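Numbering-wise (the working numbering), the sequence shown opens with residue 1453 and increments by one.
Virtual Cβ for every residue (Gly too), placed ideally from N, Cα, C.
Treat the numbers as computed from the prediction; the structure is a model and nothing was measured.
Down below is the structure, laid out as structure tokens.
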Amino acid sequence: MASREENIRLLSRLERLTREGRIRWKKTKNHPVLTRSGKLTSAVYEAGVEDVLLHLYRVDETRFAEIEGSMEYYTDRKHVLEIRDKDGDSIQEIEDLTLLRSFFDLVRSNVSGLGDKISRLMEKEPTHAQ
């Protein structure tokens, strides 16, 4: 298992390579899905790098807890980078690093083409969507 510092270095490198367009992410067709631990994911992105497959997703866990004297449901959200080998077996999961949320947002924006869409909005007069 990698140390926190190694995970931060790995995530920083993946973020740089994603920004440079050297890692191409795609949204999987099978979301939302249940993860190995049975938690519902709200989005799943994947990319192949070298001989591993990367899965990046957000997990929303509904929990039941006492809040201000009454029992309430609440949602706990975390982000996960899962590294799988060429056979699809999970090698490592990296969770809840501060950088992971911004990396997830970067990947989601890249896959959706958000930057291009915003550029087009800034260049044209608005039209009504049908």
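| Ile-1519 burial status per 10 Å Cβ neighbour count (16 or more: buried) | By 1-based counting over the sequence shown, the position of residue 1519 is 67. So Ile-1519 counts as exposed.
| said: Can you find the residues in the same chain that come closer than 6 Å, C-beta to C-beta, to Arg-1529, ignoring five residues on each side of it along the sequence? | reply: Along the sequence shown, read from residue 1 onward, the residue named residue 1529 stands at position 77. Here the set comprises Asp-1512.
| Residue range of the alpha helix (DSSP H) that Glu-1518 falls in? | As a position in the sequence shown, residue 1518 is number 66, starting the count at 1. Unbroken run through Glu-1518 is the beta strand (DSSP E), 1504-1519; no alpha helix (DSSP H).
| Taking C-beta to C-beta, are Val-1501 and Ile-1543 nearer than 8 Å? | Here residue 1501 refers to the residue found at position 49 of the sequence shown. Here residue 1543 refers to the residue found at position 91 of the sequence shown. It is not a contact, given that the beta carbons lie outside the stated cut-off.
| Does the beta-carbon of Arg-1510 have 16 or more other beta-carbons within 10 angstroms, so that it is buried, or is it exposed? | Locating residue 1510 in the sequence shown gives position 58, where the first residue counts as 1. Arg-1510 is buried by the Cβ-count criterion.
| task | To the nearest angstrom, report how far apart Val-1563 and Lys-1478 are at their CA atoms. | result | Residue 1563 sits at position 111 when you count from the first residue of the sequence shown. Residue 1478 sits at position 26 when you count from the first residue of the sequence shown. Answer to the nearest angstrom: the Cα atoms are 6 Å apart.
| Whole-Å CB distance - Leu-1508 paired with Leu-1533, under 8 Å assumed | Looking up residue 1508 in the sequence shown gives position 56. Looking up residue 1533 in the sequence shown gives position 81. About 5 Å; that satisfies the 8 Å criterion.
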